[in-house]
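Peer 1: Okay, here's the structure, questions in a sec.
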């Protein structure tokens with residue numbers, strides 16, 4: 011039986027290379043430097059193939075270096091291939107951008123901690139969390155509303171208000187819980203955090219606001235880090251509001267009247283054990299009271315925060331105990347009645363990734 015060895019990048023949680031039983035390289039993969047890799051290309055048997063993904067991240071086409079289409083794939087809603095062309099050897103098909111690895115013989119996908127069966131349209135094993143709320147053992151919480159690509163750290167929506175418009179409501183906000191899904195024992199029972207540590211989120215903000223008469227323009231991109239302490243065994247850390255409502259994280263934005271533009275915010279969440287991460291002395295409450303320029307400003311509120319990258323966050327820093335996981339928050343609008351520019355539309359979206 012042929013032997014295949016896999017070289018794995020722990021930083022991006024993605025495949026880098028395959029070798030045979032004699033350690034001879036058989037395939038090399040090129041990924042983006044982001045979580046799950048977002049596969050770009052493979053080189054196998056002396057041939058380079060480039061991946062083209064649809065909105066879900068499934069591989070729809072492969073092209074050669076001269077941009078000729080060599081292979082195509084079409085899938086049903088459960089991941090089974092219903093039509094294909096080409097003969098290129100590739101194992102990243104349905105959700106290939108996220109590293110779903112196809113088992114040709116069984117029509118299953120290996121997805122890090124679990125296997126998904128296209129024949130039955132369901133997971134072949136339960137979520138490593140084993141049990142959360144309700145009877146669903148195969149993905150945490152509400153399936154369409156949560157992100158749980160490796161089964162170990164879940165971003166759960168807590169409440170969204172995204173119904174913005176130009177006339178009467180220019181405010182959008184979204185709230186999430188960050189759930190730690192550590193497991194232990196033969197039954198893989200949920201235990202929460204495996205150690206005393208910190209949920210740490212890197213928040214990246216990009217914003218562009220222009221007055222309708224073009225008299226003022228603001229553009230900014232900045233990043234900051236915020237932290238929540240979590241004790242061993244706890245599933246999350248929350249903020250309590252005046253009316254006793256609890257959540258972990260919130261993003262919000264008010265776009266100014268008489269303007270057009272966009273506000274995009276992306277969060278990357280990790281959990282570190284305190285013994286690896288060190289003390290949180292460089293995190294101070296209110297250290298990022300307001301970042302950005304004018305209407306692009308953003309604050310970390312009451313959370314411990316820092317505008318500088320933590321030493322432990324960078325590559326080669328502290329080992330990540332769980333995650334990363336990602337979430338996005340975006341607002342776009344054009345609310346102008348000037349003779350030179352008339353528009354009346356606004357939208358907001360928020361989602362785990």
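Numbering (this note's numbering), first residue to last: 11 to 363. Positions of the beta carbon are idealized from the N, C-alpha and C atoms, including for glycine. Here the structure is a predicted model, which is why all the values come from computation and not from measurement.
First and last residue of the alpha helix (DSSP H) that includes residue 286?
Peer 2: Its alpha helix (DSSP H) spans residues 284–287.
Peer 1: Of all the options 208, 122, 269, which has the alpha carbon lying nearest to the alpha carbon of residue 350?
Peer 2: Here the closest residue by C-alpha is 269.
Peer 1: Give the secondary structure of residue 9 by DSSP, where H, G and I count as helix, E and B as strand, and everything else as coil.
Peer 2: What is shown of the chain runs 11 to 363, which leaves residue 9 out entirely.
Peer 1: Does the beta-carbon of residue 314 have 16 or more other beta-carbons within 10 angstroms, so that it is buried, or is it exposed?
Peer 2: The residue is buried, with at least 16 neighbouring Cβ atoms inside 10 Å.
Peer 1: Would you call the CB atoms of residue 57 and residue 95 closer than 9 Å?
Peer 2: The answer is no: Cβ separation not under 9 Å.
Peer 1: Return the first residue and the last residue of the beta strand (DSSP E) that residue 212 is part of.
Peer 2: First-last of the beta strand (DSSP E) with residue 212: 207–221.
Peer 1: Roughly how many angstroms lie between the CA atoms of residue 362 and residue 28, to the nearest whole one?
Peer 2: Those two C-alpha atoms are separated by around 31 Å.
Peer 1: For residue 18, count the other beta carbons within 10 Å of its own beta carbon; 16 or more makes it buried, fewer makes it exposed. Which is it?
Peer 2: Per the 10 Å Cβ criterion, exposed.
Peer 1: Looking at residue 257 and residue 342, is the spacing between their C-beta atoms short of 9 Å?
Peer 2: Not a contact, by the Cβ cut-off of 9 Å.
Peer 1: Beta carbon of residue 23, beta carbon of residue 109: below 9 Å?
Peer 2: It is a contact, given that the beta carbons lie within the stated cut-off.
Peer 1: Specify the secondary structure class of residue 107 as computed by DSSP and reduced to three states.
Peer 2: Helix at residue 107.
Peer 1: Let's test the definition: count the other Cβ atoms within 10 Å of the Cβ of residue 209 and tell me whether it reaches 16, buried, or not, exposed.
Peer 2: So residue 209 counts as buried.
Peer 1: Have a look at residue 81 and residue 173 and give me their C-alpha separation to the nearest angstrom.
Peer 2: The straight-line gap from Cα to Cα measures roughly 42 Å.
Peer 1: Using the Cα positions of residue 244 and residue 327, report the straight-line distance between them to the nearest angstrom.
Peer 2: Their Cα atoms are separated by approximately 24 Å.
Peer 1: Given this structure, state the Cα-to-Cα distance separating residue 213 from residue 185, to the nearest angstrom.
Peer 2: For residue 213 and residue 185, the distance between alpha carbons rounds to 14 Å.
Peer 1: Which residues does DSSP list as the beta-bridge partners of residue 337?
Peer 2: Note: residue 337 sits in a beta bridge opposite 277, 362.
Peer 1: Would you identify the three-state DSSP class for residue 306, choosing helix, strand or coil?
Peer 2: Residue 306: helix per DSSP, three-state reduction.
Peer 1: What did DSSP end up calling residue 227 once you bin it into helix, strand or coil?
Peer 2: Three-state result, residue 227: strand.
Peer 1: Look at the alpha carbon of residue 124 and the alpha carbon of residue 335, and state the distance between them as a whole number of angstroms.
Peer 2: C-alpha separation (whole angstroms): 17 Å.
Peer 1: Nearest CA to the CA of residue 2: which residue from 246, 206, 107?
Peer 2: Shown here, the chain extends from 11 to 363; a query on residue 2 therefore has no answer.
Peer 1: Roughly how many angstroms separate the alpha carbons of residue 61 and residue 42, rounded to a whole number?
Peer 2: C-alpha separation (whole angstroms): 12 Å.
Peer 1: If you draw a straight line from the C-alpha of residue 240 to the C-alpha of residue 187, how long is it?
Peer 2: Distance between the alpha carbons of residue 240 and residue 187: 13 Å.
Peer 1: Here's the rule I'm using: 16 or more other beta-carbon atoms within 10 Å means buried, otherwise exposed. How should residue 112 be labelled?
Peer 2: Residue 112 is buried by the Cβ-count criterion.
Peer 1: Residue 219 and residue 232: beta carbons closer than 9 Å?
Peer 2: Not in contact: residue 219 and residue 232 (Cβ atoms no closer than 9 Å).
Peer 1: Measure the beta-carbon distance from residue 107 to residue 67 and round it to whole angstroms, keeping in mind my assumption that it falls under 8 Å.
Peer 2: So it is a contact: roughly 4 Å between Cβ atoms.
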